[in-house]
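J.: Before anything else, here's the structure in question.
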């Protein structure tokens, strides 16, 4: 039996386009291409019936290495802590104060985009420091 090599990460959210554009900026991903006959994704979206406008968005790694991120509108809001979260590998290989400086700098950039800083988890005997954040709808992720 062949193993699956590709996967997609799906977010349930209230505003897929807003959340998707945030993640494009975080990860250096790109949004969906304009479908044939449309000058842009936004022009395509505006052509849909009102109830379907803004109902989904997809982000892709332009290099093809990372997983696709799909965002879909759902009626209910986030109520509890995520059971799954993304670790954004910002400071791989760095330790100590240098690692924290890099994490803090990326945190500042993401806060300017609408993200929220939650807390810095400082290094211990087993783990290096990481910074817990939330995206524009409160989904938790870590700068690692």
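Numbering (the working numbering), first residue to last: 4 to 147. Glycine included, every Cβ here is placed at the ideal spot set by N, Cα and C.
Assign residue 106 to one of three DSSP states: helix, strand, or coil.
T.: Stepping through the chain shown from its first residue, residue 106 is reached at position 103. If DSSP states are grouped into helix, strand and coil, residue 106 belongs with the helices.
J.: On the DSSP bridge list, what partners appear for residue 91?
T.: By one-based count along the chain shown, residue 91 stands at place 88. BP columns for residue 91 point to 146.
J.: Check whether the stretch 76 to 92 and the stretch 8 to 23 touch, using three or more Cβ-Cβ pairs below 8 Å as the test.
T.: Taking 8 Å as the limit for Cβ pairs, the verdict is that the stretch 8 to 23 does touch the stretch 76 to 92.
J.: Does any residue of chain B have a CB that is nearer than 8 Å to the CB of residue 67?
T.: Of the protein chains in this structure there is only one, and it is not chain B.
J.: Once the 5 residues before and after residue 75 are set aside, which same chain residues still bring their CB inside 8 Å of it?
T.: For the purposes of this step, residue 75 is identified with residue 72 of the chain shown, where counting begins at 1. Cβ neighbours of residue 75 beyond the five flanking positions: 13, 14, 15, 16, 19, 58, 59.
J.: Answer with buried or exposed for residue 23, where buried requires no fewer than 16 other C-beta atoms within 10 angstroms of its C-beta.
T.: Start at 1 with the first residue of the chain shown, and residue 23 comes out as number 20. It counts as buried.
J.: If I follow the unbroken beta strand (DSSP E) through residue 25, where does it start and stop?
T.: Against the chain shown, residue 25 aligns to sequence position 22. Note, residue 25: premise wrong, no beta strand (DSSP E); alpha helix (DSSP H) at 19 to 30.
J.: Quick one: grab the DSSP three-state call for residue 115.
T.: Mapped onto the chain shown, residue 115 falls at position 112. The answer is helix: DSSP assigns residue 115 an H, G or I state.
J.: Thinking C-alpha only, which one of 125, 66, 132, 110 is nearest residue 96?
T.: Residue mapping note: residue 96 aligns to position 93 of the chain shown, counting from 1. Out of 125, 66, 132, 110, 132 has the C-alpha closest to the C-alpha of residue 96.
J.: Among 90, 112, 125, which one has its Cα closest to the Cα of residue 142?
T.: Numbered from 1 along the chain shown, position 139 holds the residue referred to as residue 142. The shortest Cα separation from residue 142 among 90, 112, 125 belongs to 90.
J.: Exposed or buried, residue 10, counting other C-beta atoms within 10 Å across all chains shown (16 or more means buried)?
T.: For the purposes of this step, residue 10 is taken as the residue at position 7 of the chain shown. Exposed, because fewer than 16 other Cβ atoms sit within 10 Å of the Cβ of residue 10.
J.: Check residue 132 in the structure and name its three-state DSSP category.
T.: By 1-based counting over the chain shown, the position of residue 132 is 129. Residue 132: coil per DSSP, three-state reduction.
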